[in-house]
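S.K.: Residue numbers (our numbering), protein chains in the order written: chain A, 1 to 307; chain B, 308 to 614. In this text, a Cβ means the ideal position worked out from N, Cα and C, and glycines have one as well. Predicted model, so just to flag it, every value in this text is computed and none were measured. Sharing a structure here in structure tokens format.
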């Protein structure tokens, strides 16, 4: 089935211990859609400026990602500059230029309206909600957010959460959203805000899945997946969005979605997140094969499962 | 088979968001031996002062732990005071009084000399080495250390590592010991210093096991176990030592030790670490049953394994 994703398509300048790249193609919607494209059809809604040209477009085309919802407008694309020199787990932001993204008003192409899956990447919750309301018939909606929205735009975010099936956030965000430092308790508090499921990402340690617990179904108990061990983390930018793409892309590819499907989706999320870190920007995500992905899925199973 | 452990037996005053306890029984050797006692026979080498009385002795007796190697001497026992008010993952030390521990010279009772397993808890590496040398015939030796010894007593510690089969340390310690921030690379560097296996503990996220890799045996590839999710972490003191006790106790209880045995041992380590956090000090570790332990082992499997 088809996923529509709304979020940022951007340029990133990134410095890590492995080197530096200027203005590579980035943005949450970009990482998400590339990762998800190995599992299902993906359609993007975003806004870009005049600096987004044929070369960037070709990255999406090569993965058969529908870009009719990428609006081209006068000005420059969203730009982020950051580094990970001291700590690969946390970016230090040097520059954020919203540019054309500052007045983004997501428009949903008619051709996208039959999408069964919707992913609301990390953008202003007011925009997330507007998109959600325009696609009332989707089968499953997942979303992301960040500390900034949690802290300073809480009422708008709470409205979004009511319309989400799955929320994917990191540890700090989950604890901040719940106002509770215990992960299990925080998860219950977040699930009470709306989502049926919550994925909490722990960076290099993996991620935990929480469902609204159904005592009749043991598979709704929490599930933890490890992260793969990488000999070199070249660039962690977009790892969380790639996790989301693998996770949601796999769900959308399945004929039936059960708690067991969610558990396998956690594995695919972890796998796609690990690939993202192997090269700068989206380089690695552009050139994968489904066989490589499934091999790494099996590797993750061997890394974590008793005989 | 029997484990001899050398390390601290102490009194701890602990403050956590769940409350405060004054002078509860603590010390690495105490947590380790209580946790290991559910799997095999344990003998302790330590030194205590006049404040260690019948009540403390009874805690060991109740678990059939051999205390003939606990030397009683004039003065006060090792005392530590710390809190976890801001961060349950990291203790803030308020007081450390070495007391009788400051002049500890481990003596190995004759009756201990046929122990097949030796655990060198976190003490001065000079003492760890002295004990190791006095027990040359043990089958398997594991040990722990901490940032202080890694930073300021490196030559002595490197001598200890040469005589270890298994080293158990946390993330920060592994990275510091190797001088490398990438976990896989750091693990290889640590294994090159002597140990056949390395367990890196990640606190609330679990732990990773690294072997010296044998390409003929796939089971020597790294293995990651999650930590159980606890609804309340009452007191994380001793969780790492309890992990070591469960891990090494299980190994010592097995007729044959293969890489697969190590993987199950990682699970038992995680289980015992989680129990330790459920009550203050050693309270929870004093009153477990093997059935509770195995139930939690199964819970950890369900938490992490695909169907």
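Beta carbon of residue 117 of chain A, beta carbon of residue 252 of chain A: below 7 Å?
M.R.: Translated into the one-based positions of the first chain, residue 117 of chain A becomes position 117. Translated into the one-based positions of the first chain, residue 252 of chain A becomes position 252. Contact: yes.
S.K.: By Cβ distance, which residues of its chain are closer than 6 Å to residue 27 of chain A, with the 5 residues on each side in sequence left out?
M.R.: Here residue 27 of chain A corresponds to residue number 27 of the first chain, with the count starting at 1. Excluding residues within five positions, the ones whose Cβ falls inside 6 Å are 8, 9 and 10.
S.K.: Just to confirm, are residue 434 of chain B and residue 413 of chain B a CB contact at a threshold of 7 Å?
M.R.: Stepping through the second chain from its first residue, residue 434 of chain B is reached at position 127. Stepping through the second chain from its first residue, residue 413 of chain B is reached at position 106. Yes, the Cβ-Cβ distance between residue 434 of chain B and residue 413 of chain B is below 7 Å.
S.K.: Just checking: is the beta-carbon of residue 231 of chain A within a distance shorter than 7 Å of some beta-carbon in chain B?
M.R.: Against the first chain, residue 231 of chain A aligns to sequence position 231. Yes, its Cβ sits closer than 7 Å to a Cβ of chain B.
S.K.: Just to confirm before moving on: does the CB-CB distance between residue 279 of chain A and residue 234 of chain A stay below 7 Å?
M.R.: Along the first chain, one-based indexing puts residue 279 of chain A at 279. Along the first chain, one-based indexing puts residue 234 of chain A at 234. Yes, the Cβ-Cβ distance between residue 279 of chain A and residue 234 of chain A is below 7 Å.
S.K.: Which residues in chain A have a C-beta closer than 7 Å to the C-beta of residue 492 of chain B? List them in chain order.
M.R.: In the second chain, counting from the first residue as 1, residue 492 of chain B sits at position 185. What residue 492 of chain B touches in chain A: 231.
S.K.: Does the Cβ of residue 580 of chain B have 16 or more other Cβ atoms within 10 Å, making it buried, or fewer, making it exposed?
M.R.: Here residue 580 of chain B corresponds to residue number 273 of the second chain, with the count starting at 1. So residue 580 of chain B counts as buried.
S.K.: Residues in the same chain with beta-carbon distance under 8 Å from residue 207 of chain A, minus the five sequence neighbours each way, listed in chain order, please.
M.R.: Your numbering for residue 207 of chain A matches position 207 in the first chain. The answer, listed in chain order, is 199, 200, 201, 224, 225, 227, 243, 266, 269 and 270.
S.K.: So residue 156 of chain A and residue 129 of chain A are in contact, right, with Cβ under 8 Å, and what is the actual spacing, rounded?
M.R.: Here residue 156 of chain A corresponds to residue number 156 of the first chain, with the count starting at 1. Here residue 129 of chain A corresponds to residue number 129 of the first chain, with the count starting at 1. Their Cβ separation, rounded to whole angstroms, is 7 Å, which keeps residue 156 of chain A and residue 129 of chain A in contact under 8 Å.
S.K.: Note the first and the last residue of the continuous beta strand (DSSP E) segment covering residue 374 of chain B.
M.R.: By one-based count along the second chain, residue 374 of chain B stands at place 67. That run of the beta strand (DSSP E) goes 373–379.
S.K.: When the distance is taken between beta carbons, is residue 59 of chain A closer than 7 Å to residue 100 of chain A?
M.R.: The residue you call residue 100 of chain A lines up with position 100 of the first chain. The residue you call residue 59 of chain A lines up with position 59 of the first chain. Cβ distance not < 7 Å, so residue 100 of chain A and residue 59 of chain A don't count as in contact.
S.K.: Hey, would you say residue 85 of chain A sits closer than 7 Å to residue 236 of chain A, going by beta carbons?
M.R.: Walking along the first chain from the start, residue 85 of chain A turns up at place 85. Walking along the first chain from the start, residue 236 of chain A turns up at place 236. Not a contact, by the Cβ cut-off of 7 Å.
S.K.: For residue 302 of chain A, count neighbouring Cβ atoms within 10 angstroms of its own Cβ and tell me buried if that reaches 16, exposed if not.
M.R.: Translated into the one-based positions of the first chain, residue 302 of chain A becomes position 302. By the 10 Å Cβ count, residue 302 of chain A comes out exposed.
S.K.: Hey, does residue 304 of chain A have any beta-carbon neighbour from chain B nearer than 7 Å?
M.R.: By one-based count along the first chain, residue 304 of chain A stands at place 304. Cβ-Cβ to chain B under 7 Å: yes for residue 304 of chain A.
S.K.: Would you mind telling me which residues of chain B sit closer than 9 Å to residue 221 of chain A, beta carbon to beta carbon, in chain order?
M.R.: Taking the first residue of the first chain as position 1, residue 221 of chain A is located at position 221. The answer, in chain order, is 606, 609 and 610.
S.K.: So with CB distances below 8 Å, who are the chain B contacts of residue 202 of chain A?
M.R.: The sequence position of residue 202 of chain A within the first chain is 202, counting from 1. Here the neighbours are 512.
S.K.: Which same chain residues end up closer than 6 Å to residue 403 of chain B when comparing Cβ atoms and leaving out the 5 residues on each side of it in sequence?
M.R.: Translated into positions along the second chain, residue 403 of chain B becomes position 96. Counting only Cβ-Cβ distances below 6 Å, and skipping sequence neighbours, we find 387.
S.K.: Measuring straight from C-alpha to C-alpha, what distance separates residue 526 of chain B and residue 583 of chain B?
M.R.: Residue mapping note: residue 526 of chain B aligns to position 219 of the second chain, counting from 1. Residue mapping note: residue 583 of chain B aligns to position 276 of the second chain, counting from 1. Their backbone Cα atoms lie some 29 Å apart in a straight line.
S.K.: For residue 616 of chain B, tell me which candidate among B/445, B/346 and B/456 has the shortest Cα-Cα distance.
M.R.: Look at the range of chain B in this structure, 308 to 614, and you will see that residue 616 of chain B is not part of it.
S.K.: Please report the residue range of the beta strand (DSSP E) in which residue 530 of chain B lies.
M.R.: For the purposes of this step, residue 530 of chain B is identified with residue 223 of the second chain, where counting begins at 1. 530–532 is the span of the beta strand (DSSP E), which, as asked, contains residue 530 of chain B.
S.K.: Over what stretch of residues does the beta strand (DSSP E) that includes residue 22 of chain A continue unbroken?
M.R.: In the first chain, counting from the first residue as 1, residue 22 of chain A sits at position 22. Start and end: 19–26.
S.K.: By the DSSP assignment, the alpha helix (DSSP H) with residue 469 of chain B in it spans what residues?
M.R.: Working through the second chain from its first residue, we reach residue 469 of chain B at position 162. First-last of the alpha helix (DSSP H) with residue 469 of chain B: 461–469.
S.K.: Going by Cα to Cα distance, which pick from A/163, A/142, A/173 and A/55 is closest to residue 151 of chain A?
M.R.: One-based indexing of the first chain puts residue 151 of chain A at position 151. Nearest of A/163, A/142, A/173 and A/55 to residue 151 of chain A, Cα basis: A/173.
S.K.: Can you name the residues of chain A whose CB is closer than 8 Å to the CB of residue 574 of chain B?
M.R.: Counted from its first residue, the second chain places residue 574 of chain B at position 267. Residues of chain A passing the Cβ test: 306.
S.K.: Please classify residue 409 of chain B: does DSSP put it in a helix, a strand, or coil?
M.R.: Position 102 of the second chain, counting from 1, holds the residue named residue 409 of chain B. Of the three classes helix, strand and coil, the one that applies to residue 409 of chain B here is helix, per DSSP.
S.K.: From residue 488 of chain B to residue 231 of chain A, what does the alpha carbon distance come to, in whole angstroms?
M.R.: Residue numbering aside, residue 488 of chain B sits at position 181 when the second chain is read from its first letter. Residue numbering aside, residue 231 of chain A sits at position 231 when the first chain is read from its first letter. Each residue's alpha carbon lies about 11 Å from the other.
S.K.: Here's a check: name, in chain order, each residue in its chain whose Cβ is nearer than 6 Å to the Cβ of residue 455 of chain B, leaving out the five neighbours to either side.
M.R.: Reading the second chain from its first residue, position 148 is the one you call residue 455 of chain B. Taken in chain order, the list of residues that qualify is empty.
S.K.: Which bits of chain A does residue 603 of chain B rub up against, with CB to CB less than 7 Å?
M.R.: Counting from one through the second chain, the residue named residue 603 of chain B turns up at place 296. Neighbours of residue 603 of chain B on chain A: none; closest Cβ ~13 Å, over 7 Å.
S.K.: Given a cut-off of 7 Å on the beta-carbon distance, is the pair residue 350 of chain B and residue 311 of chain B in contact?
M.R.: One-based indexing of the second chain puts residue 350 of chain B at position 43. One-based indexing of the second chain puts residue 311 of chain B at position 4. Cβ distance < 7 Å, so residue 350 of chain B and residue 311 of chain B count as in contact.
S.K.: Using beta-carbon positions only, say whether residue 612 of chain B and residue 305 of chain A come within less than 7 Å of one another.
M.R.: On the second chain, residue 612 of chain B is found 305 positions in, with the first residue counted as 1. On the first chain, residue 305 of chain A is found 305 positions in, with the first residue counted as 1. Contact: yes.
S.K.: What residue range does the beta strand (DSSP E) around residue 438 of chain B cover?
M.R.: In the second chain, counting from the first residue as 1, residue 438 of chain B sits at position 131. First-last for residue 438 of chain B: 432–441, but that is the alpha helix (DSSP H), not the beta strand (DSSP E).
S.K.: Check distances from the C-beta atoms of the stretch 238–262 of chain A to those of chain B and list, in chain order, the residues that come in under 8 Å.
M.R.: Within the stretch 238–262 of chain A, the qualifying residues are 260.
S.K.: Exposed or buried, which one is residue 104 of chain A when buried takes at least 16 other CB atoms within 10 Å?
M.R.: Counted from its first residue, the first chain places residue 104 of chain A at position 104. That one is buried.
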